[in-house]
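In full-length UniProt numbering, the protein residues as written are 1 to 188. All C-beta atoms, glycine included, are put in the ideal place defined by N, C-alpha and C. All of these numbers come straight from a predicted model, not from anything done at the bench. Right, one structure below, let's go through it.
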(Lines of atoms letter the chains of each structure in order from A and count residues from 1; the text may use other names and numbers.)
(Lines give C-alpha, C1' and ligand atoms only; values in the text may rest on other atoms or scores of the structure.)
Protein backbone atom coordinates (compact mmCIF):
# COMPACT_ATOMS: atom_id res chain seq x y z
CA UNK A 1 0.00 0.00 0.00
CA UNK A 2 2.85 2.49 -0.16
CA UNK A 3 2.66 2.87 -3.92
CA UNK A 4 2.97 6.23 -5.69
CA UNK A 5 0.87 7.21 -8.61
CA UNK A 6 2.94 8.13 -11.65
CA UNK A 7 2.50 11.63 -13.12
CA UNK A 8 0.87 11.42 -16.56
CA UNK A 9 3.11 12.47 -19.44
CA UNK A 10 2.00 15.51 -21.39
CA UNK A 11 1.83 15.31 -25.14
CA UNK A 12 3.60 17.91 -27.29
CA UNK A 13 0.30 19.51 -28.33
CA UNK A 14 -0.81 19.98 -24.73
CA UNK A 15 2.47 21.69 -23.84
CA UNK A 16 2.20 24.10 -26.79
CA UNK A 17 -1.25 25.37 -25.72
CA UNK A 18 -1.13 26.28 -22.05
CA UNK A 19 -4.50 27.20 -20.64
CA UNK A 20 -4.82 30.79 -19.41
CA UNK A 21 -4.72 31.18 -15.68
CA UNK A 22 -7.88 32.18 -13.83
CA UNK A 23 -6.26 35.56 -13.05
CA UNK A 24 -5.94 36.32 -16.78
CA UNK A 25 -9.72 35.87 -17.23
CA UNK A 26 -10.32 38.34 -14.40
CA UNK A 27 -8.01 40.95 -15.98
CA UNK A 28 -9.85 40.69 -19.31
CA UNK A 29 -13.21 41.14 -17.56
CA UNK A 30 -11.92 44.19 -15.65
CA UNK A 31 -10.61 45.77 -18.87
CA UNK A 32 -14.02 45.37 -20.49
CA UNK A 33 -15.81 46.95 -17.52
CA UNK A 34 -13.46 49.99 -17.51
CA UNK A 35 -14.26 50.99 -21.11
CA UNK A 36 -15.34 54.57 -21.76
CA UNK A 37 -19.06 55.29 -21.78
CA UNK A 38 -20.74 55.11 -25.17
CA UNK A 39 -21.91 58.72 -24.97
CA UNK A 40 -20.95 62.00 -23.35
CA UNK A 41 -22.02 62.61 -19.78
CA UNK A 42 -24.34 65.59 -20.24
CA UNK A 43 -25.43 65.75 -16.60
CA UNK A 44 -25.41 69.34 -15.39
CA UNK A 45 -25.41 70.84 -18.90
CA UNK A 46 -27.78 73.79 -19.20
CA UNK A 47 -29.08 75.92 -22.03
CA UNK A 48 -27.52 79.36 -22.38
CA UNK A 49 -29.57 82.35 -21.29
CA UNK A 50 -30.91 84.88 -23.74
CA UNK A 51 -30.43 87.98 -21.58
CA UNK A 52 -29.13 91.28 -22.86
CA UNK A 53 -25.36 91.65 -22.38
CA UNK A 54 -24.40 93.53 -19.24
CA UNK A 55 -22.57 96.87 -19.48
CA UNK A 56 -18.79 96.54 -19.72
CA UNK A 57 -18.01 100.19 -19.05
CA UNK A 58 -16.37 102.72 -21.32
CA UNK A 59 -12.90 101.40 -22.20
CA UNK A 60 -11.66 104.92 -22.98
CA UNK A 61 -12.65 106.26 -19.55
CA UNK A 62 -9.93 107.97 -17.53
CA UNK A 63 -10.31 106.41 -14.08
CA UNK A 64 -9.76 108.89 -11.24
CA UNK A 65 -8.82 108.15 -7.64
CA UNK A 66 -12.41 108.92 -6.68
CA UNK A 67 -13.69 106.44 -9.29
CA UNK A 68 -11.38 103.75 -7.93
CA UNK A 69 -12.57 104.37 -4.35
CA UNK A 70 -16.22 104.21 -5.42
CA UNK A 71 -15.51 101.07 -7.47
CA UNK A 72 -13.92 99.46 -4.41
CA UNK A 73 -16.97 100.37 -2.31
CA UNK A 74 -19.24 98.80 -4.93
CA UNK A 75 -17.01 95.71 -5.04
CA UNK A 76 -17.27 95.37 -1.26
CA UNK A 77 -21.07 95.66 -1.45
CA UNK A 78 -21.08 93.06 -4.22
CA UNK A 79 -18.98 90.66 -2.17
CA UNK A 80 -21.29 91.06 0.83
CA UNK A 81 -24.36 90.47 -1.33
CA UNK A 82 -22.71 87.40 -2.85
CA UNK A 83 -21.89 85.97 0.58
CA UNK A 84 -25.52 86.51 1.63
CA UNK A 85 -26.76 84.71 -1.50
CA UNK A 86 -28.22 87.90 -3.04
CA UNK A 87 -26.75 87.22 -6.47
CA UNK A 88 -28.88 89.73 -8.40
CA UNK A 89 -27.74 92.48 -6.00
CA UNK A 90 -24.15 91.30 -6.36
CA UNK A 91 -24.39 91.59 -10.17
CA UNK A 92 -25.81 95.09 -9.79
CA UNK A 93 -22.94 96.20 -7.53
CA UNK A 94 -20.26 94.58 -9.72
CA UNK A 95 -21.79 96.31 -12.75
CA UNK A 96 -21.58 99.66 -10.94
CA UNK A 97 -17.96 98.93 -10.03
CA UNK A 98 -17.15 97.98 -13.64
CA UNK A 99 -18.67 101.19 -14.96
CA UNK A 100 -16.51 103.15 -12.52
CA UNK A 101 -13.35 101.16 -13.28
CA UNK A 102 -13.82 99.35 -16.63
CA UNK A 103 -10.15 98.40 -16.88
CA UNK A 104 -10.24 96.05 -13.88
CA UNK A 105 -9.99 92.43 -15.03
CA UNK A 106 -10.79 91.11 -11.56
CA UNK A 107 -14.14 92.93 -11.44
CA UNK A 108 -15.21 91.29 -14.70
CA UNK A 109 -14.07 87.86 -13.47
CA UNK A 110 -15.88 88.28 -10.14
CA UNK A 111 -19.11 89.29 -11.89
CA UNK A 112 -18.72 86.21 -14.10
CA UNK A 113 -18.63 84.05 -10.98
CA UNK A 114 -21.92 85.57 -9.80
CA UNK A 115 -23.44 85.00 -13.24
CA UNK A 116 -22.49 81.33 -12.97
CA UNK A 117 -24.40 81.14 -9.68
CA UNK A 118 -27.40 82.55 -11.57
CA UNK A 119 -26.99 79.91 -14.32
CA UNK A 120 -26.07 82.54 -16.89
CA UNK A 121 -23.01 81.00 -18.56
CA UNK A 122 -23.14 83.13 -21.72
CA UNK A 123 -22.91 86.32 -19.68
CA UNK A 124 -20.11 84.76 -17.65
CA UNK A 125 -18.20 83.94 -20.83
CA UNK A 126 -18.55 87.54 -22.05
CA UNK A 127 -17.21 88.85 -18.73
CA UNK A 128 -14.35 86.35 -18.72
CA UNK A 129 -13.43 87.22 -22.30
CA UNK A 130 -13.23 90.85 -21.21
CA UNK A 131 -11.18 89.97 -18.11
CA UNK A 132 -8.73 87.95 -20.22
CA UNK A 133 -8.49 90.72 -22.83
CA UNK A 134 -7.56 93.13 -20.02
CA UNK A 135 -5.15 90.69 -18.36
CA UNK A 136 -4.02 87.61 -20.29
CA UNK A 137 -2.80 86.09 -17.01
CA UNK A 138 -6.21 86.30 -15.32
CA UNK A 139 -6.49 82.85 -13.77
CA UNK A 140 -9.98 83.63 -12.50
CA UNK A 141 -11.05 84.66 -15.99
CA UNK A 142 -9.96 81.27 -17.35
CA UNK A 143 -11.39 79.41 -14.36
CA UNK A 144 -14.89 80.88 -14.60
CA UNK A 145 -14.94 80.77 -18.41
CA UNK A 146 -13.98 77.10 -18.19
CA UNK A 147 -16.83 76.44 -15.79
CA UNK A 148 -19.26 78.30 -18.05
CA UNK A 149 -18.16 76.21 -21.04
CA UNK A 150 -18.65 73.06 -18.98
CA UNK A 151 -22.19 74.14 -18.08
CA UNK A 152 -22.92 74.65 -21.78
CA UNK A 153 -21.46 71.25 -22.71
CA UNK A 154 -18.41 72.72 -24.48
CA UNK A 155 -16.06 70.21 -22.87
CA UNK A 156 -12.95 70.86 -24.98
CA UNK A 157 -13.15 74.61 -24.37
CA UNK A 158 -13.80 73.95 -20.68
CA UNK A 159 -10.77 71.67 -20.43
CA UNK A 160 -8.51 74.18 -22.21
CA UNK A 161 -9.57 77.08 -19.96
CA UNK A 162 -9.49 75.13 -16.70
CA UNK A 163 -6.05 73.72 -17.51
CA UNK A 164 -4.82 77.26 -18.21
CA UNK A 165 -6.32 78.50 -14.92
CA UNK A 166 -4.47 75.77 -13.03
CA UNK A 167 -1.26 76.56 -14.91
CA UNK A 168 -1.47 80.29 -14.12
CA UNK A 169 -2.50 79.95 -10.47
CA UNK A 170 -3.34 76.48 -9.17
CA UNK A 171 -6.69 76.33 -7.44
CA UNK A 172 -8.33 73.22 -5.95
CA UNK A 173 -11.75 74.17 -7.29
CA UNK A 174 -10.45 74.71 -10.83
CA UNK A 175 -8.59 71.41 -10.64
CA UNK A 176 -11.75 69.64 -9.44
CA UNK A 177 -13.72 71.14 -12.34
CA UNK A 178 -10.92 70.09 -14.71
CA UNK A 179 -11.15 66.48 -13.51
CA UNK A 180 -14.93 66.66 -13.95
CA UNK A 181 -14.61 67.38 -17.70
CA UNK A 182 -11.72 65.01 -18.45
CA UNK A 183 -13.85 61.88 -19.06
CA UNK A 184 -15.85 63.71 -21.72
CA UNK A 185 -12.71 65.17 -23.29
CA UNK A 186 -11.15 61.70 -23.49
CA UNK A 187 -14.34 60.48 -25.17
CA UNK A 188 -14.14 63.22 -27.81
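- As the crow flies, the alpha-carbon of residue 139 is around 23 Å from that of residue 48.
- At the C-beta level, residue 90 and residue 114 come within 8 Å of one another.
- Around the Cβ of residue 7, a 10 Å sphere holds fewer than 16 other Cβ atoms; the residue is exposed.
- In the three-state DSSP reduction, residue 62 falls in the coil class, being neither helix nor strand.
- If one requires a minimum length of 4 residues, the alpha helix (DSSP H) runs lying completely within the region 90-144 are 105-117 and 121-134, in chain order.
- By the Cβ-count criterion, residue 95 is buried, with 16 or more other Cβ atoms from all chains shown falling within 10 Å of its own Cβ.
- In the structure shown, residue 168 adopts helical secondary structure according to DSSP, grouped into three states.
- Residue 141 counts as buried, since at least 16 other C-beta atoms from the protein chains shown sit within 10 angstroms of its C-beta.
- At a Cβ-Cβ threshold of 8 Å, residue 97 and residue 71 count as neighbours.
- Between residue 186 and residue 174, the C-beta gap is not smaller than 8 Å, which leaves the two residues out of contact.
- If you check the CB distance, residue 99 and residue 57 come in under 8 Å.
- Between the alpha carbons of residue 147 and residue 158 lies a distance of about 6 Å.
- Here the alpha carbons of residue 143 and residue 164 stand approximately 8 Å from one another.
- Rounded to the nearest angstrom, the Cβ distance from residue 184 to residue 41 is 6 Å, consistent with a contact under 8 Å.
- Looking at the backbone, the Cα of residue 118 and that of residue 65 are separated by about 32 Å.
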